[in-house]
Amino acid sequence: MAPSNAELNQQAVRNIVRGLATNDLRPLVEALDEDVVWISHSPPAFFRFGGEHRGRIGAMELLAKIYADFSFIRYETDGLVQSGDEIWAINNIVVHHRPSDRTASLRLSFRMTFRDGKLMRYEGFFDSASALAQMGRLPIPGPRPALPPPPHKGGCLCGAVRWQLNARPLGINACHCDDCRKLTGAANLLMLLAHSADFTHEGKTERYRKRADSGREIDIVRCANCGVRLWHEPLSSPEYVFVAAGTLDDPGWAIPTSHIWIEKAAPGTQFAPDALLVEGQPASRQVLFDAFSRVYPG
Ligand SMILES: [Zn+2]
Ligand SMILES: [Zn+2]
Numbered sequence: 160m161a162p163s164n165a166e167l168n169q170q171a172v173r174n175i176v177r178g179l180a181t182n183d184l185r186p187l188v189e190a191l192d193e194d195v196v197w198i199s200h201s202p203p204a205f206f207r208f209g210g211e212h213r214g215r216i217g218a219m220e221l222l223a224k225i226y227a228d229f230s231f232i233r234y235e236t237d238g239l240v241q242s243g244d245e246i247w248a249i250n251n252i253v254v255h256h257r258p259s260d261r262t263a264s265l266r267l268s269f270r271m272t273f274r275d276g277k278l279m280r281y282e283g284f285f286d287s288a289s290a291l292a293q294m295g296r297l298p299i300p301g302p303r304p305a306l307p308p309p310p311h312k313g314g315c316l317c318g319a320v321r322w323q324l325n326a327r328p329l330g331i332n333a334c335h336c337d338d339c340r341k342l343t344g345a346a347n348l349l350m351l352l353a354h355s356a357d358f359t360h361e362g363k364t365e366r367y368r369k370r371a372d373s374g375r376e377i378d379i380v381r382c383a384n385c386g387v388r389l390w391h392e393p394l395s396s397p398e399y400v401f402v403a404a405g406t407l408d409d410p411g412w413a414i415p416t417s418h419i420w421i422e423k424a425a426p427g428t429q430f431a432p433d434a435l436l437v438e439g440q441p442a443s444r445q446v447l448f449d450a451f452s453r454v455y456p457g
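Counting along the sequence shown from 1, when you hit position 6 you're at 165 in the working numbering, and nothing is skipped either side.
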């Protein structure tokens, strides 16, 4: 049995989104009708390509301009809803803006209207406030709880090791790299960055020395009894300690202010709209400290 028109349209959208996720525009360009109307509802301060563009050539010129400035690190569709020739989609996007070297995570819903498998009309609706906050660095109050006053306390599963951080952290960073994923056995490694002078512990620990590709060495400290990974001590920077946020007694406030290696983040990862997003690793830790200070000034 030949596929129905509705099935053809659905398949076209899936191909288009799969293409966008790998910066491959061919499925989209092939689907454009000669008389397509392309409308982006977006804040001009973030996305200067908003407004209405007509015809296949107009849409292709627009796309060429967009892709000259932006590359898509992630383009995931949360869900497709179809009604006749109309398909709605909600997408989670992480985009890199090359001229400013900024990265933003945003939601974009679109409505595509098809006729005989050809795209007749596109309307995109940006998650404007969040995108603006990230691209323009505008401070917006997020859903973040306030930072509780120190000391911050935590420990391992069996209770043999207890630790205490006597100052506010310097950063709350999630690393999505392959090593951290293996190390935690979870999606990412969430760490409180802190001064080692502010950090104390009691109880018997053991260490595993890990050497990074960069040659830098780090001691990973675990409970000697239950094996829970508690903190890291970077050998090249003994003034710092990186505490595993999951071992906090109350981890409710430990929402990352920065994410690194975001191109490796597990599907479905949520990024707070005010968090710094970095592809790969930042040039220095100061970048992560600055991101924290922006979210939690003084
Ligand atoms: Zn333990
Ligand atoms: Zn890592």
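Backbone N, C-alpha and C define an ideal beta-carbon position, used for all residues, glycine too. As the structure is a prediction and not an experimental result, all values here were calculated from the model.
- Under the DSSP assignment, Arg177 falls outside any beta strand (DSSP E), being part of the alpha helix (DSSP H) whose first and last residues are Asn164 to Ala180.
- As DSSP reads the structure, Pro393 sits in a beta bridge with Ile377.
- The beta carbons of Asp357 and Tyr367 sit no closer together than 9 Å.
- Note on geometry: alpha-carbon atoms of Thr272 and Asn251 lie some 21 Å from one another.
- Asp237 carries a strand assignment under DSSP once its states are collapsed to helix, strand and coil.
- In the three-state DSSP reduction, Tyr226 falls in the helix class (H, G or I).
- Relative to the non-hydrogen atoms of ligand 2, the Cβ of Asp378 never comes closer than 8 Å to any of them.
- The beta carbon of Ile198 is closer than 6 Å to those of Glu211 and Glu282 in its chain, skipping five residues each way along the sequence.
- Under the three-state reduction of DSSP output, Val446 falls in the helix class.
- Going by C-alpha positions, Glu193 is about 18 Å away from Arg270.
- By the C-beta density criterion, Ala413 is buried, having at least 16 other C-beta atoms within 10 angstroms.
- In the three-state reduction of the DSSP assignment, Ile249 falls in the strand class, which pools E and B.
- In this structure, the beta-carbon distance from Leu278 to Ala190 falls below 9 Å.
- The three-state secondary structure of Leu221, taken from DSSP, is helix.
- Annotation for Lys423: no alpha helix (DSSP H) segment contains it, and DSSP assigns it neither H nor E.
- Sorted by position in the chain, Cys334, Cys336 and Cys339 make up the residues whose C-beta lies under 5 Å from a heavy atom of ligand 2.
- Within the stretch 299 to 374, the runs of alpha helix (DSSP H) at least 4 residues long that lie entirely inside it are, in chain order, 337 to 343.
- For Leu187, the uninterrupted alpha helix (DSSP H) run begins and ends at Arg185 to Ala190, by DSSP.
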